[in-house]
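As structure tokens, the structure follows; a few thoughts come after it.
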Amino acid sequence: MSFTAKDVKELREKTGVGMMDCKKALEAADGDMDKAIDFLREKGLATQQKKASRIAAEGVVLTYTNDSKDVNVVIEVNSETDFVGKNEKFQSFVKKVAKTVADKNPASVEELLSVNLDGSDRSVQENLQDMVLAIGENLQIRRFERVEGLAASYIHAGGAVGVLVPIDTNAADIDEVLVMGKNIAMQVAAMTPEYLSKDDISADELAKMKSIAVESALNTPQTLPVPILKGLLEKACSEKRFSDEDIAIYEEKKSNMKFLFNFLSEDAPAVLSEIANEDRDEITANKIFVGMIEGRVAKQLKEMCLLSQDFVRGDLFQGTVEGYVKDVAKKLGADVKVKSFIRFAKGEGLQKREDNFAAEIASMVK
103 MSFTAKDVKE LREKTGVGMM DCKKALEAAD GDMDKAIDFL REKGLATQQK
153 KASRIAAEGV VLTYTNDSKD VNVVIEVNSE TDFVGKNEKF QSFVKKVAKT
203 VADKNPASVE ELLSVNLDGS DRSVQENLQD MVLAIGENLQ IRRFERVEGL
253 AASYIHAGGA VGVLVPIDTN AADIDEVLVM GKNIAMQVAA MTPEYLSKDD
303 ISADELAKMK SIAVESALNT PQTLPVPILK GLLEKACSEK RFSDEDIAIY
353 EEKKSNMKFL FNFLSEDAPA VLSEIANEDR DEITANKIFV GMIEGRVAKQ
403 LKEMCLLSQD FVRGDLFQGT VEGYVKDVAK KLGADVKVKS FIRFAKGEGL
453 QKREDNFAAE IASMVK
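Heads up: the sequence shown begins at 103 in the working numbering, then just goes up one per residue.
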């Protein structure tokens, strides 16, 4: 059976595969359109398996919210290159996968791959294979989160970061609540909090944070409160654990220690740290030291917890994120509560592909 250029074009429109691959498929199928499609699908599976070992840490993170605004999805699909992540056809596929997650509520990526893609009579897996063949890169659906109920979303830099912020409210004006939620989602994207609030941190984690702060303080004596530091310095001098030169420098500078460590030897901090660890029990029981550690942990918690962070949109509200939420709730005359947040950064935790173009070109001209 013969075929024409029109048939090649039709096959390309049906499959999205390149013109040359469509021509080869029609040749292999003796011009039979259905057989040519089957041929390309088989090739897609083979291509996906062949490319599966190649690093895919680029791609895109997108969000989807259904029309009734009660189901929300954030999803990450990876490609090998950033160029593909910006491809309109690729992004359209990712949006369909996100809608499939919203509609079918799969429990895992594996289950998602087995259900039919939105608007298709074929599975997500089969459509993914088609995309691999059409684009020519390893593509992987990495992860997704599905949230029921009201949630605000934000996508940063065209899909580099995606955020969902689930919200509870009895407000009549949902649009205003979603504007607030988007502002908070932008905060999450920019400031990367680890927790919603201190209440979400376990006692063990808090104890670990405190322990790390104590160890850090004892091992960097120059950061200790002046009364404690002076005690360490006096002991280092009286017990001759400082060099004669460092003792002389301390005696000269002790009336104003602001720049003392600029003059002491490189060995001096290690000596002071050794003394501090020897006197650990006494120092850690000191009220001044306890207050310093509490202050350091509190500062760390403020940075780690979304609601206690300073709200970055100072043009809208001066204060913490929690204060901003309360301010919006007051203006709306309603209850508004941020329940949690989900933040996906494209490729986080994945090995990145490193292209050596010079080596590639050299190998081509051999």
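Beta carbons are placed, not taken as given, at the ideal position from N, Cα and C, and that holds for glycine.
Inside the segment 313-392 only - alpha helix (DSSP H) runs reaching at least 4 residues: 328-340, 346-355, 370-380, 382-386
- prompt: At which residues does the alpha helix (DSSP H) containing G264 begin and terminate?
  reply: Here residue 264 corresponds to residue number 162 of the sequence shown, with the count starting at 1. Taken as a continuous stretch (DSSP letters only), G264 belongs to no alpha helix (DSSP H), being part of the beta strand (DSSP E) at 263-271.
task: Label E212 either buried or exposed according to how many other C-beta atoms from any shown protein chain fall within 10 Å of its C-beta, with 16 as the threshold for buried.
output: By 1-based counting over the sequence shown, the position of residue 212 is 110. Exposed, by the Cβ-count rule.
Where E115 falls, given that 16 or more other Cβ within 10 Å makes a residue buried: If you number the sequence shown from 1, residue 115 lands on position 13. Exposed, because fewer than 16 other Cβ atoms sit within 10 Å of the Cβ of E115.
When A274, A253, D277 are compared against L266, the one with the closest alpha-carbon: Working through the sequence shown from its first residue, we reach residue 266 at position 164. When each option's Cα is compared against that of L266, the closest is A253.
message: Do L408 and V217 have their beta-carbon atoms positioned less than 8 Å apart in this structure?
response: Counting from 1 along the sequence shown, the entry for residue 217 is found at position 115. Counting from 1 along the sequence shown, the entry for residue 408 is found at position 306. No. Outside cutoff.
- prompt: Short check: CB of A279 to CB of V438, under 8 Å?
  reply: Numbered from 1 along the sequence shown, position 177 holds the residue referred to as residue 279. Numbered from 1 along the sequence shown, position 336 holds the residue referred to as residue 438. According to the sequence displayed, residue 279 carries Val and not Ala. Cβ atoms of V279 and V438: closer than 8 Å.
task: State the DSSP-derived secondary structure class of S210, mapped to helix, strand or coil.
output: The residue you call residue 210 lines up with position 108 of the sequence shown. Here S210 sits in coil by DSSP.
- prompt: Per DSSP, what kind of secondary structure is D136 in: helix, strand or coil?
  reply: Residue mapping note: residue 136 aligns to position 34 of the sequence shown, counting from 1. Correct three-state label for D136: helix.
query: What first and last residue would you give for the beta strand (DSSP E) that runs through I286?
result: As a first step, residue 286 must be located in the sequence shown, where it is residue number 184. Not the beta strand (DSSP E): I286 falls in the alpha helix (DSSP H), residues 276-293.
field: 8 Å Cβ shell around A148 - same chain, five flanking residues per side excluded
entry: Mapped onto the sequence shown, residue 148 falls at position 46. Here A148 scores only 42 on pLDDT, less than 50, and its place in the model should not be relied on; the value that follows carries that caveat. Hits under 8 Å: none found.
query: Per DSSP, L164 forms a beta bridge with which residues?
result: Position 62 of the sequence shown holds residue 164. BP columns for L164 point to I177.
- prompt: Measuring CB to CB, does L113 end up less than 8 Å from A138?
  reply: Translated into the one-based positions of the sequence shown, residue 113 becomes position 11. Translated into the one-based positions of the sequence shown, residue 138 becomes position 36. Yes, Cβ-Cβ distance for L113 and A138 is below 8 Å.
field: Alpha carbon of K401 to alpha carbon of V328, nearest angstrom
entry: Position 299 of the sequence shown, counted from the start, is the residue given in the question as residue 401. Position 226 of the sequence shown, counted from the start, is the residue given in the question as residue 328. Their backbone Cα atoms lie some 20 Å apart in a straight line.
message: If I measure Cβ to Cβ from F391 and keep anything under 8 Å in the same chain, skipping five residues before and after, which residues do I get?
response: Mapped onto the sequence shown, residue 391 falls at position 289. For F391, where only same-chain residues beyond five positions count, the Cβ hits under 8 Å are A319, L326, P327, I330, I385.
- request: Check K433 in the structure and name its three-state DSSP category.
  value: Against the sequence shown, residue 433 aligns to sequence position 331. Note: K433 maps to helix in three-state DSSP.
field: Start-to-end residues for the beta strand (DSSP E) that takes in F446
entry: To locate residue 446, count along the sequence shown from 1; it is residue 344. Counting along the chain, the beta strand (DSSP E) containing F446 begins and ends at 444-447.
query: Between which two residues does the beta strand (DSSP E) harbouring E247 extend?
result: To locate residue 247, count along the sequence shown from 1; it is residue 145. That run of the beta strand (DSSP E) goes 242-250.
- prompt: Does the distance from the CB of I157 to the CB of N189 come in under 8 Å?
  reply: In the sequence shown, the residue the question calls residue 157 occupies position 55. In the sequence shown, the residue the question calls residue 189 occupies position 87. Not closer than 8 Å, so no.
message: Can you tell me whether K201 is buried or exposed? The criterion is at least 16 other CB atoms within 10 Å of its CB, across all chains shown.
response: For the purposes of this step, residue 201 is taken as residue 99 along the sequence shown, with counting starting at 1. Classification for K201: buried.
- request: Sort I349, T322, A315, K191 by Cα distance to M233 and report the nearest one.
  value: Position 131 of the sequence shown holds residue 233. The candidate whose alpha carbon is nearest that of M233 is K191.
task: Hey, could you find the ends of the beta strand (DSSP E) A253 is sitting in?
output: Position 151 of the sequence shown holds residue 253. That run of the beta strand (DSSP E) goes 253-258.
- prompt: Taking the alpha-carbon positions, what's the L452 to A159 distance?
  reply: In the sequence shown, residue 452 corresponds to position 350, counting from 1. In the sequence shown, residue 159 corresponds to position 57, counting from 1. Roughly 6 Å separates the two Cα atoms.
- request: Can you tell me which of the three DSSP states S216 falls into?
  value: Taking the first residue of the sequence shown as position 1, residue 216 is located at position 114. Three-state DSSP puts S216 in a helix.
task: Go ahead and pull the three-state DSSP assignment for T183.
output: One-based indexing of the sequence shown puts residue 183 at position 81. If DSSP states are grouped into helix, strand and coil, T183 belongs with coil.
message: Per the DSSP calculation, G422 is bridged to which residue(s)?
response: Here residue 422 refers to the residue found at position 320 of the sequence shown. A quick correction: the sequence has Thr, not Gly, at residue 422. Note: T422 sits in a beta bridge opposite D412.
query: Between K448 and V163, which are expected to be in contact by the criterion C-beta below 8 Å, what is the C-beta distance as a whole number of angstroms?
result: The residue given as residue 448 occupies position 346 in the sequence shown. The residue given as residue 163 occupies position 61 in the sequence shown. With a Cβ gap of about 5 Å, K448 and V163 count as contacting.
message: Tell me the DSSP secondary structure of K198 in three-state form.
response: Looking up residue 198 in the sequence shown gives position 96. DSSP places K198 in helix when its eight states are reduced to three.
- prompt: Is the segment 427-437 close to the segment 301-313, with three or more CB pairs under 8 Å?
  reply: no
- request: Pick out whichever of I257, E182, I377, E396 has its Cα sitting closest to the Cα of R489.
  value: What the structure shows of the chain is the stretch from 103 to 468, and residue 489 is not part of that stretch, so it cannot be assessed.
field: Spatially closest choice to V427 from A287, D136, D220, by CA coordinates
entry: Residue numbering aside, residue 427 sits at position 325 when the sequence shown is read from its first letter. Comparing Cα positions, the closest option is A287.
Bounding residues of the alpha helix (DSSP H) (the contiguous stretch that carries K439): As a first step, residue 439 is located in the sequence shown; it is residue number 337 there, counting from the start. It is not in any alpha helix (DSSP H) - K439 instead sits in the beta strand (DSSP E) that spans 438-440.
- prompt: How about M293 and V399: do their beta carbons lie closer than 8 Å?
  reply: For the purposes of this step, residue 293 is identified with residue 191 of the sequence shown, where counting begins at 1. For the purposes of this step, residue 399 is identified with residue 297 of the sequence shown, where counting begins at 1. No, the Cβ-Cβ distance between M293 and V399 is not below 8 Å.
- prompt: In whole angstroms, what separates the C-alpha of I314 from that of L403?
  reply: The sequence position of residue 314 within the sequence shown is 212, counting from 1. The sequence position of residue 403 within the sequence shown is 301, counting from 1. When rounded, the distance between both Cα atoms is 13 Å.
field: Through-space distance from D277 to E424, alpha-carbon basis
entry: On the sequence shown, position 322 is the one that residue 424 refers to. On the sequence shown, position 175 is the one that residue 277 refers to. Going by the C-alpha atoms only, they are around 19 Å apart.
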